[in-house]
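2 protein chains.
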Amino acid sequence: MRIGIVAPSCRLEESVAAQLSSVVGAAYGADAPELVIHPQCFLSAGHFAGPDSARADAFVELANDPDIDAIWLARGGYGACRMVDLALPRLTSVAGDKAYLGYSDAGFLLAGLYARGIGRVAHGPMPSDLKRAGGDIAVLRSLSWLLNPTKPEGAAKQAAFNLTVLSQLLGTPLQPDLTGHVLMIEDVGEYMYRLDRSLFHVTSNPGIRQVAGLMLGRCSDIPENDPDFVLTEEEVARHWCGHAGIAYLGRANIGHDADNQVVPFG
Amino acid sequence: MRIGIVAPSCRLEESVAAQLSSVVGAAYGADAPELVIHPQCFLSAGHFAGPDSARADAFVELANDPDIDAIWLARGGYGACRMVDLALPRLTSVAGDKAYLGYSDAGFLLAGLYARGIGRVAHGPMPSDLKRAGGDIAVLRSLSWLLNPTKPEGAAKQAAFNLTVLSQLLGTPLQPDLTGHVLMIEDVGEYMYRLDRSLFHVTSNPGIRQVAGLMLGRCSDIPENDPDFVLTEEEVARHWCGHAGIAYLGRANIGHDADNQVVPFG
Numbered sequence: 178m179r180i181g182i183v184a185p186s187c188r189l190e191e192s193v194a195a196q197l198s199s200v201v202g203a204a205y206g207a208d209a210p211e212l213v214i215h216p217q218c219f220l221s222a223g224h225f226a227g228p229d230s231a232r233a234d235a236f237v238e239l240a241n242d243p244d245i246d247a248i249w250l251a252r253g254g255y256g257a258c259r260m261v262d263l264a265l266p267r268l269t270s271v272a273g274d275k276a277y278l279g280y281s282d283a284g285f286l287l288a289g290l291y292a293r294g295i296g297r298v299a300h301g302p303m304p305s306d307l308k309r310a311g312g313d314i315a316v317l318r319s320l321s322w323l324l325n326p327t328k329p330e331g332a333a334k335q336a337a338f339n340l341t342v343l344s345q346l347l348g349t350p351l352q353p354d355l356t357g358h359v360l361m362i363e364d365v366g367e368y369m370y371r372l373d374r375s376l377f378h379v380t381s382n383p384g385i386r387q388v389a390g391l392m393l394g395r396c397s398d399i400p401e402n403d404p405d406f407v408l409t410e411e412e413v414a415r416h417w418c419g420h421a422g423i424a425y426l427g428r429a430n431i432g433h434d435a436d437n438q439v440v441p442f443g
Numbered sequence: 178m179r180i181g182i183v184a185p186s187c188r189l190e191e192s193v194a195a196q197l198s199s200v201v202g203a204a205y206g207a208d209a210p211e212l213v214i215h216p217q218c219f220l221s222a223g224h225f226a227g228p229d230s231a232r233a234d235a236f237v238e239l240a241n242d243p244d245i246d247a248i249w250l251a252r253g254g255y256g257a258c259r260m261v262d263l264a265l266p267r268l269t270s271v272a273g274d275k276a277y278l279g280y281s282d283a284g285f286l287l288a289g290l291y292a293r294g295i296g297r298v299a300h301g302p303m304p305s306d307l308k309r310a311g312g313d314i315a316v317l318r319s320l321s322w323l324l325n326p327t328k329p330e331g332a333a334k335q336a337a338f339n340l341t342v343l344s345q346l347l348g349t350p351l352q353p354d355l356t357g358h359v360l361m362i363e364d365v366g367e368y369m370y371r372l373d374r375s376l377f378h379v380t381s382n383p384g385i386r387q388v389a390g391l392m393l394g395r396c397s398d399i400p401e402n403d404p405d406f407v408l409t410e411e412e413v414a415r416h417w418c419g420h421a422g423i424a425y426l427g428r429a430n431i432g433h434d435a436d437n438q439v440v441p442f443g
């Protein structure tokens, strides 16, 4: 097995890449998959892991390579929305045979792939999660799925997104059809008023109103609201689900942390 | 003339209301319009100027009152998206004869009015702008339009929004048809990566791509990006307009400041 790693958003630190090889080697020994870390991961151009074109080219190169079995997005941050239109139209049928995994800002790319029906897509930890306490367990959880990208027989349709990212792709060609899906959302570092506003947005979209229900992942590092927002993220999620006629299905085990679970789409 | 003032988002300080009466009295003397400041403006419920229902009720009460000639939204902040669905369906034909003015978070309400073709709508300074240096000139600029809510003969169709607010109503029933409009956007307090992301979002929407062109207002109080974003807000606006095939028409004289011009919609 050969796992391709590219960075559609921000750059990957070299030390994290080295740590990844070490963790995977220790976990799998002689059976370890080969990690093909594209040199683009280490480029730097302002906020991004190289120019938009370089990030798109690296993704297309690995996605269209028949000797690569799956694509693991290196990390989030910001920037995938800048390369997705440059990349998706160039994918061949080879790209459709692969699995793709990431989360957070990588959701722009995963949404576009899923909207076009390309490959098998999952939300889950990325190599950069090695920087968290317990990150080795998190990345091995994702790698396990990439090596066997299935979902349980008969499981409900599902998808998972960062709330802000989902909000900011609504009404664009990247918005996937989530009819009948359990939609899981999570967020990090957003004020309560912004979480509330994004939940207004997402639950007001006619396409999103076709979901089977919404599950709220963790909303971490919420800055202090002035004045106090009073409502919690779960109260806000219940409010907007009630207003929209969307079933609120409770908490999801996803978030910007080491416990972040793998959620295969579909 | 009787101008109704309500607060769909955050509360108005009593001192600002008093200052408004004083400024208007000094400017218009015996010809001063009557300012009907709804007591709801001074309510407080967490982040908001009273509960969602109270903000909706006050707006509906004044909008449906045939003895009120125009509605001036008191201030922004956050919260109009929480009351707009509770208010718009209850408006009568009386509300259609009025002018409505505000900006920033009030854009959720203005968008919904414009999308439904209710009344004459304009972006412009609000009573709360009195807290700015030169704010008296700003609020009198808006009041002048409210007393005579027209636009120049033969002027191009136009609309103006806070960029983040416009982004967060895309793909909802609040999104107005802006085909053939000059679209002006401004923002405040957003990181460059967020301005870039919102511009991706707005310019990727098929409806927005029907505008006659985009003009960039002021983007003020941009926090420092780490790493440096390199690109300026105008470079980013040009980038996304070019990508979307939208004409970039230069800078607009709008923003979160005392120079903020009145932009009648349509």
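As you go down the protein sequences, you meet chains V and P in turn. First residue of the first sequence: 178, per the working numbering; consecutive thereafter. First residue of the second sequence: 178, per the working numbering; consecutive thereafter. Note that CB positions come from ideal geometry on N, CA and C, so glycine has one too. Predicted model, so just to flag it, every value in this text is computed and none were measured.
In this structure, V/Asp373 lies near P/Tyr255, with their beta-carbon atoms less than 9 angstroms apart. Taking a cut-off of 8 angstroms for Cβ pairs, the region 267-279 of chain V and the region 235-255 of chain V touch, as three or more such pairs fall below it.
Of P/Pro216, P/Ala222 and P/Ala233, the smallest CA-CA separation from P/Pro185 is found for P/Ala233. P/Gly227 and P/Phe219 have their alpha carbons spaced roughly 8 angstroms apart. Among the residues of the region 397-418 of chain P, those with a Cβ less than 8 angstroms away from any Cβ of chain V are Asn402, Pro404, Asp405, Phe406, Val407 and Leu408, in the order of the chain.
Runs of beta strand (DSSP E) with 3 or more residues, each lying fully within the region 254-293 of chain P, are found at 276-279, listed in chain order.
Among the CB atoms of chain P, one or more fall inside 9 angstroms of the CB of V/Asn382.
V/Leu212 is outside the set of residues whose beta carbon lies under 9 angstroms from a beta carbon in chain P. Contacts with chain V at 9 angstroms (Cβ-Cβ) include P/Cys258.
For V/Ile314, the enclosing alpha helix (DSSP H) has its first and last residue at Gly312 to Leu324. Listed along the chain, the chain P residues whose CB falls inside 7 angstroms of the CB of V/Thr349 are His378, Ser381 and Asn382. Those residues of the region 324-350 of chain P placed with their C-beta closer than 9 angstroms to a C-beta in chain V are Thr341, Val342, Ser344, Gln345, Leu346, Leu347, Gly348, Thr349 and Pro350, ordered along the chain. If you draw a straight line from the Cα of P/Arg428 to the Cα of P/Gly390, it is about 11 angstroms long.
Straight-line measurement puts the Cα of P/Val271 at about 13 angstroms from the Cα of P/Leu265. Using a C-beta cut-off of 8 angstroms, the region 322-336 of chain V makes no contact with the region 210-218 of chain P, since fewer than three inter-stretch Cβ pairs fall below that distance. In the DSSP assignment, V/Phe225 falls outside any alpha helix (DSSP H) and carries neither an H nor an E.
V/Tyr425 sits in a strand when the DSSP states are folded into three classes.
Contact between P/Ser305 and P/Val439 does not hold, since their C-beta atoms are separated by about 16 angstroms, which reaches or exceeds 8 angstroms. Under the Cβ criterion of 9 angstroms, V/Arg374 is counted among the residues facing chain P. CA-to-CA, the gap between V/Asp246 and V/Lys275 works out to about 6 angstroms.
Chain V places no beta carbon closer than 9 angstroms to that of P/Gly390, leaving this residue out of the contacts. Counted as a single uninterrupted DSSP element, the beta strand (DSSP E) harbouring V/Ala336 occupies residues Gln335 to Asn339.
Within the model, the alpha-carbon separation for V/Val316 versus V/Ser199 is close to 12 angstroms. Listed as beta-bridge partners of P/Met392 by DSSP are P/Met361.
Taking 9 angstroms as the CB threshold, P/His358 stays off the interface with chain V. Take the alpha-carbon of P/Leu340 and the one of P/Gly312: they are about 22 angstroms apart.
In the DSSP assignment, P/Arg297 falls outside any alpha helix (DSSP H) and within the unbroken beta strand (DSSP E) covering Arg297 to His300. In this structure P/Asp403 is exposed. Its beta-carbon is surrounded by fewer than 16 other beta-carbon atoms within 10 angstroms. For V/Ala336, the closest of V/Gly366, V/Ala292, V/Ser321 and V/Ser375 by C-alpha to C-alpha distance is V/Ala292.
Residue contact with chain P for V/His420: present (Cβ-Cβ distance below 9 angstroms to some residue of chain P).
In this structure, V/Ala421 keeps its C-beta atom at 9 angstroms or more from the C-beta atom of V/Thr356. For P/Gly284, the closest alpha carbon among the candidates P/Arg395, P/Leu346 and P/Asp242 is that of P/Leu346.
Per DSSP, reduced to three states, the secondary structure at V/Arg415 is helical. Among the bridge pairs identified by DSSP, V/Pro404 is matched with none. Listed along chain V, the residues sitting closer than 7 angstroms to P/His224 by beta-carbon distance are Tyr370, Asn402, Pro404 and Phe406. By the neighbour-count criterion, in which a residue is buried when 16 or more other Cβ atoms sit within 10 angstroms of its Cβ, P/Glu363 is buried.
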